[in-house]
Every structure is written in structure tokens, then in C-alpha cells.
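Protein chains in written order, with this note's numbering: chain A, 1 to 307; chain B, 308 to 744. Glycine residues also receive a C-beta, built at the ideal position from the N, C-alpha and C atoms.
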């Protein structure tokens, strides 16, 4: 069951079309990666979901109903370009944002205190934002995004500006929120973080949705039947054994070991089992594994149109 | 609605708690009182040292008649001009030629340090008096001095308003002088508030846009709510400030001023206020009496402040919406300067029209200026002290507040698009496209 469904959204501006008939559905409890190069239309799509801009055509279904202004209270959004009032004190400012998301002042203070303790920033409560470092301000910003316990969390490049330790802390918090039932949309260029935490992805390019699916499924779909084989024995024997069903792309030695290494592309109608069998007969096989393209490769290939 | 309240509260609290707000709110009335008292104070402190002028009078008629004052002493000198000029311990030398009565240009002043305009005027007017008297003597008419004294007249006119005595009382003497001053102060005050508080809205929008708080805010509130919240928040700061000033002025007027004035003066003022006596019967200067009567008439002052507040809020809402729109469409204050010209021009124009109003508060320029919303707040506040029909004020208010709605709508359109535009400053043409979108 999906929490959010985007149906044929189109958004035009006077000079260009930002979204062209984009559809996608985001499963409840998933971490959904929204990928795409700069200017592809990701931010516009997020703004449509947040009801900051209204689409020219199409519908957004949130939690089974067409989205309304009331649903804003169930969405938490951390924009890529984010800021706080510099002259305001941290605690007061966090209360202000919490109240805009529908929390009472009392409730906001109780929850904020808990979060501040969790992230170890209690002592910042009365400090002005201008006295905080960028990373510190990001932490405060993160808390204000998740404080009202929204069903849907939207993070736009959440890790930019964080050191690796705090980025990891933030990642753990995002996973914890997902485990507690939140659905997360995650917009980023950082493909390694996509592989690490996303379940599903959608790739938007030039205002269109060009690729959707679960991360594993997409990666396998982009697999090109390439396998990496490590073995000990005569390279010539190996080549002879597998050549009826596969082509050797590259071969070499594994440094400091007696093993050899080869990348082979299996013919379309060949079976993996037969290939392993043949290789096993000819040499001493150590490993035989499929080479799955990284999200980074898929991203580049998809955007450059080499699908 | 609830969200707008939260935004208003933030804007209000942030500004009212600032030291600068507290200081200006309390110091401004004191500063204004100080400005009014300044001329007197300056007179008190300016009379420092006495200056000695050596007078070489070749005509023999001027020197004996020069009167030394607090700040200047004329001392006749019998030596030559060169000797006199060589003396360094005096302020200077005044030389009067032999035929000064026939040729008044034969007067020269040599000073050892810089001279001042008031000093020169004192000397000139004294010599002029002497020469006039000497010339009159030449006509040889008996009792000429008495005739001259008799000829001099000092007119003091009292103005009555026939149309303002409808409440059954006697005609009320008004002073155009007091109305002028009051109108000037109110018009200037509105002008200042529109410019200062309007730019405050603009600067604050630019800051929000620059610090990217806006990007976060719009996920919780609509851009229009955000804009209105900010405008209303700043407006409530302005109202607070005016209200505090109003209370201070009314308080001073009703307690401090009567306590400072001699009893008989206050009795006269009260009698005039109660309509038992007309200003003419009172043995006092009409302007002075009228000013005192206005300054101590609390209900009159309160009415004035209520009008001021209504026009201030209306005018502010009208203009600040445009200021907010300009702020939203630029990235820096420098970029805003050019775009805000179309907003500041009508405000300055309004002040110019207000100045013209003082000559004739009921001219058609004054009337239309106080009805058209671009100029009405300032022009109307300049007119009100002269006493104008209430229906005109009513019409002006209705037109103003109706235009506020239209202006907010237009500004909201620009704001909605502008806050997401970064980079190039938009042209007027682009702004027009945003409105039409």
C-alpha cells in the first residue's frame, strides 16, 4: 500500500516545462530515492508534494485521499537550501517552526527537550543561531523537520554540510524514523548513500520520470550479464572452456596471489550454470559472481540516454 | 488564520524586544520636546563671551546711539583705523564713514576672528535705525516721533469657524498656526512611518530570502500567509509605538503641562475650552492660547491619535505590501533600491501635496490628494487639524482600506513567484508577468 501517489503531474512555467507527465508511487514505510541531475525537476516535484506550488495537471494522492492543505501537518520537509533566523535563539526558533506545523507550545517544548538530549545539544537552547557552526545549525534544522512526527519526510540533500560522524548519526536517525513508521523521500546526488539506505528510486531527467523501481531490481535490470571469475590454472584452458558461451572482456592477475582474474560477458542464451560447470572443469575455480552496476553507473548511463 | 497569528507573534516579539525599539519609543517624544525647546536652550547657551567692538565714527551721529547688549559692547575709539585694526585683544573694528546718513554703504566691519550672521544683523539694524531717525529729523516736522509711534500697528486676527459650531456651543476661535504645526507634525510622522516601517518589511523579506529561511517556511505556510503575517506583525509594532506615544502625549498634556503653567493661564484655557469665553476676550496671544488648548484637550488629542492610527495602519498596509513584493523579487538591498522607486515616489509626492495643503486645506488638490490612496494617509493627516467634514475622512478611509485589499492581492502574486527567484534582478516587465500569471 503506497502512502503517496503522484499521478500524471505536469507543471509548466512561462519559459519551460518543469514536470512533464510524471507518475510514481511511494510505498508506505520505504525510503524512496528521488534522483536526477540538476534542473531535472526534482525540487519542483517536491514543491508540488508540499503544496508550495500547484501543478497544472495531475493529482497527488496522500494516504488514500487527494492531498489537501491539512496534510501539510503530516509532512516534514528539509529543503536543500535551508536556513534559520540568525538573530533568534535556537529553542525559541524551534518552537516557532513546531507551532507552524500544528504543535502546541507545550507539546513542542516537551518533544524538543527530548530531541536536544538525544542529539546532545541541550546546551544550545539559549544560544543565537548566528553563534552556531553550519553543521550545528543543520542539526537544529533536522529536529524542526521531524519534530511533529510526520508520516512523510522529505529530505533534500540532507547530508551536505555534515562531517562523516554527524552524517552517520543523521543516517541512523533517518533509519530509526523509518522503523517507527515514517515514509522517507530522499533527494540526492550522492549515489553511494542511495545504495546504502534507499529501498526504491525514481530517476527524473529533463522533466520526465525515466526510471523507477526498487534499488535491487533496478541494479539487476541494468546488469549486462557480466561476471567476474577468479581462478587458478592456465588462462588458455579457461578461455577455451568458456568461449562457446561467453566472451572474455578483460583478464589479469590478482596482485600478490597465485590467482587470476577475468571478466566475461555471457551470451544472451547461455546459462550461468553451464558456464560455471565448464569453467570448473578447466581450472580451479575460486569465485564466480555477477557484476552489478553501481547506482552511479546507472545514473550516468540513464541520464546520458544509453539505456 | 492560526498560522498567520504565529507569524505575527514572531515578527512582533522579535522587534519589540529589540533595544533599538525600546530606546526610540521612549526617546522619540523626549527628542521632539527637546527639538521644540532647542531654540530657547540655544539662546541660553549661545550667549557666552562678550565681544568688544571698537567704533570709529567719522559722522559723529552713529556711535552715541549704538546700544551695547549682552553679547556685544560698542566702545568708541578716537585713534586712526590702522591703530584700531592693530589691536588684537578686541573682537574687531566697526568703521562708519562721514556721510553715512546720505550714503549708507559707508559702513565697514573688520574682525579678528569669524563673524556671525546674528551679530552682523544686530549691527546693521541698529545703524539702520539711527540713519532712519537722522533722516526723519531732516524733515523738521514737530512731534514726528509721536506721529510715527501712532502709525505703527500690530494686528492680531482671530479666526472663527461657522461650520464647526454645530454642537451648540459658541463659535470656536481657531488658530491656523496651530493647525499648520499639528498638520505638519502628523504628515511628517506618517511619512516617516511609511518609509521606515515599509523598508523594515522589505529588508526583512530580503533577509529571509537570503538566509533561505523562506524555503523552510513555505513548507508550513502559504507564501500569502507569510507575507500578510509579516506585514501585520510589523504593523502591530508601529501601532504599539504610536499608541505609546499617544499615551505619553495625552498624559503630558493632561497632567504635566497644566502643572507647569501659571494658574491664571490654565483657568483661561479651561474657560475657552468650556466655551465660557472666546479667545478674543482672553487677555492672551491667540496662537499661544490655541496651542495650549489643543495640547491640554485630552479628548481632542485622543480623536487625533485615533485618526492617525487608522491612516497609519491603512497607509502602511497599502505600501508595505508593495515593499514586501519588491523585497521578495531581489537578492540584495542594493538591487531593491531601483525597484522601490515607484513606491517611494508617491510617498514623497504625498508630502509635497501635504505642504501645498497648508496654503488651502480645502482646495481640490487637497481633497483629491486626501482621497486617492497613494497620497491619502499623509495628505489627510495634514488636513485634519484644519477641521474638515467627517464624511471626507470616512470616504478616504473606505477608499484606502479597499485599495489595501487590491494591493495585497497584487503584491501576493509577485511575492509568491519572487521568493523562489534567485540571481538576476527582475525587470518591471517580468514583474508584470508574475502578476498576470
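Proximity test, Cβ basis, 8 Å: residue i and chain A
i              : result
residue 636(B) : no
residue 520(B) : yes
residue 690(B) : no
residue 321(B) : yes
residue 317(B) : yes
residue 543(B) : no
residue 512(B) : no
residue 313(B) : yes
residue 525(B) : yes
residue 731(B) : no
residue 537(B) : no
residue 528(B) : yes
residue 310(B) : yes
Same chain, Cβ closer than 8 Å to residue i, neighbours up to 5 away in sequence not counted
i              : result
residue 17(A)  : 10, 11 and 207
residue 25(A)  : 2, 4, 5 and 6
residue 561(B) : 603 and 605
residue 706(B) : 678, 679, 680 and 683
residue 249(B) : No information on residue 249(B) is available, as it lies outside the stretch 308 to 744 that chain B covers here.
residue 617(B) : 704
residue 730(B) : 638
residue 233(A) : 260, 282, 283 and 284
residue 328(B) : 322, 544 and 548
Local Cβ density within 10 Å of residue i, reported as buried at 16 or more and exposed below that
i              : result
residue 541(B) : buried
residue 15(A)  : exposed
residue 258(A) : exposed
residue 124(A) : buried
residue 619(B) : buried
residue 152(A) : buried
residue 649(B) : exposed
Rounded distance between the beta-carbons of residue j and residue i, thought under 8 Å
i              : j              : result
residue 311(B) : residue 532(B) : 5 Å
residue 156(A) : residue 80(A)  : 4 Å
residue 709(B) : residue 686(B) : So it is not a contact: roughly 17 Å between Cβ atoms.
Within chain D, partners of residue i - CB distance below 9 Å
i              : result
residue 155(A) : Absent here is chain D; the protein component of the structure consists of chains A and B.
Residues of its chain near residue i, where Cβ-Cβ distance is below 7 Å and the 5 sequence neighbours each way are ignored
i              : result
residue 97(A)  : 144
residue 214(A) : 199 and 200
residue 372(B) : 437
residue 391(B) : 361, 363, 384 and 400
residue 265(A) : 224, 225, 226, 246, 247 and 249
is_contact[residue i, chain B] using C-beta, thresh 8 Å
i              : result
residue 136(A) : no
residue 41(A)  : no
residue 99(A)  : yes
residue 143(A) : no
residue 82(A)  : yes
residue 14(A)  : yes
residue 77(A)  : yes
residue 50(A)  : yes
residue 86(A)  : yes
residue 308(A) : A query on residue 308(A) cannot be resolved here, the shown segment of chain A reaching from 1 to 307 and no further.
residue 67(A)  : no
residue 185(A) : no
residue 174(A) : no
Distance, residue j Cα to residue i Cα
i              : j              : result
residue 403(B) : residue 409(B) : 12 Å
residue 386(B) : residue 363(B) : 8 Å
residue 274(A) : residue 293(A) : 23 Å
residue 93(A)  : residue 735(B) : 36 Å
residue 802(B) : residue 101(A) : Residue 802(B) lies beyond the range of chain B shown here (308 to 744); nothing can be said about it.
residue 440(B) : residue 424(B) : 24 Å
residue 455(B) : residue 657(B) : 47 Å
residue 461(B) : residue 485(B) : 20 Å
residue 335(B) : residue 544(B) : 15 Å
residue 298(A) : residue 219(A) : 8 Å
residue 512(B) : residue 634(B) : 5 Å
residue 63(A)  : residue 78(A)  : 20 Å
residue 229(A) : residue 255(A) : 15 Å
residue 530(B) : residue 717(B) : 13 Å
residue 555(B) : residue 504(B) : 21 Å
residue 47(A)  : residue 154(A) : 10 Å
Proximal residues to residue i (C-beta, below 6 Å), its chain only, five neighbours per side dropped
i              : result
residue 714(B) : 625 and 628
residue 252(A) : 261
residue 415(B) : 402
residue 91(A)  : 125
Near the ligand FAD: residue i beta-carbon under 7 Å from a heavy atom
i              : result
residue 502(B) : The ligand FAD is absent from the structure shown, which contains no ligand whatsoever.
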